[in-house]
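Just below is one structure, and these are the notes that go with it.
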Amino acid sequence: MALLSKKDANLILDPLADNNPITIQVLGICSALAITAELKASVVMALSVLFVLGVGNVVISLLRNVIPSKIRIIVQLIVVATLVIVVDQVLKAFAYELSKTLAVFVGLIITNCIIMGRFEAFALGNGPWKSFLDGIGNALGYGVILIIVGFFRELLGSGTLFGIPVLGDPIRKTGLYSTGYENNGFMIIPPAALIVVGIIIWVQRSRNKALIEEA
Amino acid sequence: MLEHLELFFKSIFIDNMVFAVFLGMCSYLAVSKKVSTAVGLGAAVIFVLAVTVPLNWLLDQYLLRDGALVWLGPEYADYNLSFLSFILFIATIATMVQLVEIVVEKFSPSLYNSLGIFLPLIAVNCAILGGSLFMQAREIPSLGLAFNYGVSSGIGWFLAILAIAAIREKIRYSNVPAPLRGLGITFIITGLMGIGFQSFGGMLTGDNEPPEEVQSATVETIDEKEINKEIEDKEKAVSYNEVVNK
Chain C
1 MALLSKKDAN LILDPLADNN PITIQVLGIC SALAITAELK ASVVMALSVL
51 FVLGVGNVVI SLLRNVIPSK IRIIVQLIVV ATLVIVVDQV LKAFAYELSK
101 TLAVFVGLII TNCIIMGRFE AFALGNGPWK SFLDGIGNAL GYGVILIIVG
151 FFRELLGSGT LFGIPVLGDP IRKTGLYSTG YENNGFMIIP PAALIVVGII
201 IWVQRSRNKA LIEEA
Chain D
216 MLEHLELFFK SIFIDNMVFA VFLGMCSYLA VSKKVSTAVG LGAAVIFVLA
266 VTVPLNWLLD QYLLRDGALV WLGPEYADYN LSFLSFILFI ATIATMVQLV
316 EIVVEKFSPS LYNSLGIFLP LIAVNCAILG GSLFMQAREI PSLGLAFNYG
366 VSSGIGWFLA ILAIAAIREK IRYSNVPAPL RGLGITFIIT GLMGIGFQSF
416 GGMLTGDNEP PEEVQSATVE TIDEKEINKE IEDKEKAVSY NEVVNK
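Written out as structure tokens, the structure is:
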């Protein structure tokens, strides 16, 4: 990280673990859970948020001295909505099947609490470069959780990764299935995502006792 | 009438905002520590959904969808503005929330005191935008059904936040493992509640394709049997008559 000073590097690295937007700040859970049944959708969602949050943070940071504080929420919503329309149109043009899977959840990036939360908490008070790093860092932290959840749900639920079978063929009983292993259909249904995230939080907080909440 | 009832129960139980599609999770987790605040936020969500979903339905129907501008004249029939729906929906929602806040403050200060704090929160609640986007994606056919969809999704969300708030009030007295305390256990409880709600999935499948086929098949076989019997009876009767005649 010779390019970045230590303080700047922390802006990116902090949200990856100890200040993770999903598990610690409790932001952006809405869209994080619904699309994680497949790893591919998780990766695309993470990249979309990375783009929207990175660019959006810079725009808001550049506008921060111009926006009257009373109407700032509407201004922020318009900036996000515009960026999300760009993402949505790009997805529809280049990955139509995937945009069908993600469906309305691309649109829901607009109300993703991470984005509004970072605008409010960081971009309104800091310069564009720092805001950019903060946006990238938080989007990466969000993406990491998404990809972990997507990885486990797709691997245990369908025995595939990115749609490619990795555990053998469940019908012809090859690979791991020859030992009597079965796919866990439970991982595909929506509530499983909540439980997987709950377990991630559990693991993270057991490793770092400072994060444990007071009862 | 039947389709209204069906949509009503479907949006409350089967497609529950929280348990099936995870909408509004942020405020669901943040504001569910006490039952009283949860009730306030839940009521505000029902209210705002009931207002914004029909409004966005009108926007979608007469402005955004493919060929929606045809009422302006035949030369507008080719316009498809649906790529603008995100920005228009969120603008409608933000404006409506502001408007509702002002109106409620003016006419019902007591309601404002109970709902007021939550209204600005709601503008960025995924459940509200999600309601409008799902309304658009599912192509809800009429204004009445759109209103119904808004209200019933709101009620579903209300039930969910009420239930989790009640559980969280109780769980304070339980001995939860330290790293799971707070957020972690709430996630897992929500997951378990979601599994419970999955069982409502079979509620409205009474007249779906497979059972119908089975039924019609059995009906046919019964018919055939009856017909065969009738034929046999007639034959018997005929032979009896023949015997008698002889």
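From first to last, the protein sequence lines are chains C and D. Residue numbers for the first sequence follow the working numbering, beginning at 1 and rising by one. Residue numbers for the second sequence follow the working numbering, beginning at 216 and rising by one. For glycine and all other residues, C-beta sits at the position ideal for the given N, C-alpha and C. Every value quoted in this text rests on a predicted model; they were computed, and no experiment measured them.
Between the alpha carbons of Asp293(D) and Arg280(D) lies a gap of roughly 10 Å. For Arg396(D), no alpha helix (DSSP H) segment is defined, and its DSSP state is neither H nor E. For Phe349(D), the nearest beta carbon of chain C is closer than 8 Å to its own beta carbon. Cα atoms of Pro15(C) and Gly28(C): separation of roughly 13 Å, rounded to the nearest angstrom. The Cβ atoms of Ile67(C) and Val84(C) lie no closer than 8 Å to each other. Contact of Phe415(D) with chain C is not assigned, every C-beta pair being separated by 8 Å or more. The beta carbon of Val236(D) sits closer than 8 Å to those of Asp230, Gly345, Phe349, all from its chain and outside the five residues before and after it, given in chain order.
If you draw a 10 Å sphere on the C-beta of Leu11(C), you find 16 or more other C-beta atoms in it, and that means buried.
Boundaries cannot be given for Asn65(C), as no alpha helix (DSSP H) includes it and DSSP labels it neither H nor E. Val260(D) is outside the set of residues whose beta carbon lies under 8 Å from a beta carbon in chain C. For Thr82(C), the nearest CB of chain D lies under 8 Å from its own CB, placing it at the interface with that chain. Listed in chain order, the positions of the segment 172-189 of chain C with a beta carbon within less than 7 Å of a beta carbon of chain D are Ile189. Contacts between Gly345(D) and chain C, judged by CB atoms closer than 7 Å, involve Val104, Leu108 in chain order. Interface flag for Thr111(C) against chain D is set, since a Cβ pair is found closer than 8 Å. Using a 10 angstroms sphere on the CB of Arg205(C), the tally of other CB atoms reaches 16 or more, which defines it as buried. In terms of Cβ geometry, Lys40(C) and Leu102(C) do not form a close pair [threshold 8 Å]. In the DSSP annotation of this structure, the continuous segment of the alpha helix (DSSP H) that includes Thr267(D) starts and ends at 250-274. In this structure the segment 159-170 of chain C does not touch the segment 190-208 of chain C; the number of beta carbon pairs closer than 8 Å is below three. By the CB criterion at 8 Å, Asn363(D) and Leu222(D) fall inside the cutoff. In terms of Cα proximity to Pro128(C), the closest of Gly54(C), Asn183(C), Val80(C), Arg72(C) is Gly54(C). A Cβ-Cβ contact shorter than 8 Å links Asn126(C) with Ser61(C).
With 16 or more other Cβ atoms from the protein chains shown falling within 10 Å of its own Cβ, Thr267(D) counts as buried.
Residues of chain D whose Cβ lies closer than 8 Å to the Cβ of Leu33(C) are, in chain order, Phe237, Met240.
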